[in-house]
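Here the structure comes first, spelled out in structure tokens, and everything after it is commentary.
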Amino acid sequence: MNSFAHKDGFTSTAIPSLDLIRASDIKEPLHNIYEPSLCIIAQGEKLVLLGEETYKYDSNSYLVASVQLPITGRILHASKECPFLCARLSFSSDQILDIIKEVNKDLSEKSDSVRGMLVSKTSTQLLDAVIRLVNLLNTPNDIPVLAPLFIHEILYRILQDNQGYLIKQFVNKGSNAQSIAKVIKYINDDISKPLRIDDLAEIVNMSPSSLHHHFKKVTAMSPLQYQKQIRLQEARRLLLSEIAEAAEVAFKVGYESPSQFSREYARMFGLPPISDVKNLRQSLTVDFYY
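Counting from 1, one number per residue, gives the positions in the sequence shown under the UniProt record's numbering.
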């Protein structure tokens, strides 16, 4: 993997759903949004904070996010001699559902909501499939034919794991986990939209209290806390990528009060918007990696 990730940061590859991450030193904790994906470390160790929960994984384990989740991540071990190396494979609910149908698994039974993130031990079979996928970067002409097959096998392996049922619940029609996945998509489709719990509950035919309960089980935070983190992370991205005033960005992500935006931004990132972005632009962490 080291030969394909030539520089620190985030590297897209010729396989559209596969990205590589490299770090040769330990940075400050980074805030990011995990899309549905598998993260598997080849070298190093990482700590991920979701709400108030921590997930640690290394070269012997992998992490899966089943829905969009705002996280804080910190690389624990990295050096120039032994850089942190990680592969991230994005996937869709349709890919998961296709595999479940192929193995004739019954998803009719409803279950309680499950956390949208898990860490599990990496099996030899899973690691072998990931290595074969990454090695396809050496033979680009093979990618269109073989990459879909290897990706299919990788997803099959994580679904067959002893925690695979946690991922399956998010495509289980009528399950609480799938209902919360719909709410998460609704929030992310327009993060500037004011959030009313009653409206969200109506979308998935739940009571407000039930929605709040199941949403917190999936994301480790309330819907309002989730939206706030999504908004602030998007605001930070916009401030870094655009020449715009903090007040303009605040309105764009849904804040009505620039002063409230500035307070909540500083509470999350440690500095007010302008100072934070200035520091980031002067550092090497502008190229965010996951």
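Cβ atoms here follow ideal geometry from the backbone N, Cα and C, with glycine treated the same way.
For a test of the three-state rule: what should DSSP assign to residue i, helix, strand or coil?
i	result
Asn32	strand
Val286	In this prediction, Val286 has a pLDDT of 44, which is less than 50 and means its spatial position is unreliable; what the coordinates show is noted afterwards. In the structure shown, Val286 sits in coil (DSSP, three-state: anything other than H, G, I, E or B).
Tyr255	coil
His77	strand
Leu280	helix
Ile26	coil
Arg196	coil
Met268	helix
Ala42	strand
Glu242	coil
Ala220	coil
Pro273	helix
By a C-beta neighbour count over all protein chains shown, 10 Å radius and 16 as the cutoff for buried, is residue i buried or exposed?
i	result
Ala87	buried
Lys228	buried
Ile203	exposed
His6	exposed
Lys80	exposed
Lys182	exposed
Leu159	buried
Ile243	exposed
Pro36	buried
Return the residue from the list the options that minimises the CA-CA distance to residue i.
i	options	result
Leu89	Ser17, Ser24 and Thr11	Ser17
Leu280	Ser257, Arg236 and Gly116	Arg236
Ala23	Leu85, Leu146 and Ser12	Leu85
Arg115	Arg157, His213, Arg74 and Ile243	His213
Asn205	Ile21, Gln225, Pro223 and Ser179	Ser179
Lys185	Ser257, Leu166, Ile230 and Gly164	Ile230
Thr139	Val48, Val103, Phe4 and Glu35	Phe4
Tyr255	Gln169, Glu234, Ser209 and Tyr165	Glu234
Gln169	Ser66, Ala246 and Met221	Ser66
Alpha carbon to alpha carbon, how far is residue i from residue j?
i	j	result
Pro83	Lys173	42 Å
residue 302	Asp198	Nothing can be reported for residue 302, as the shown portion of the chain is limited to 1 through 290.
Thr219	Leu146	34 Å
Asn176	Tyr156	23 Å
Asp25	Leu38	23 Å
Asn141	Leu232	41 Å
Arg196	Ser120	35 Å
Gly9	Ser61	21 Å
Leu211	Pro258	30 Å
Glu153	Asn135	15 Å
Leu200	Arg132	42 Å
Val64	Pro194	30 Å
Leu239	Pro273	8 Å
Val249	Asp128	45 Å
Gln225	Pro208	15 Å
Thr11	Phe261	32 Å
Val48	Leu76	10 Å
Ala266	Val103	49 Å
Lys217	Ser113	6 Å
Gly270	Lys101	47 Å
Gln163	Glu245	45 Å
Can you tell me whether residue i sits near the ligand ADP, meaning its C-beta is under 8 Å from at least one heavy atom of the ligand?
i	result
Phe10	For the ligand ADP, the structure offers nothing, since it holds no ligand at all.
* Asked: Is the stretch 189 to 204 close to the stretch 64 to 71, with three or more CB pairs under 8 Å?
  -> no
* Three CB pairs or more closer than 8 Å across the stretch 54 to 63 and the stretch 20 to 33 -> no
* Asked: Do the stretch 123 to 134 and the stretch 92 to 104 meet, that is, are 3 or more Cβ pairs less than 8 Å apart?
  -> no
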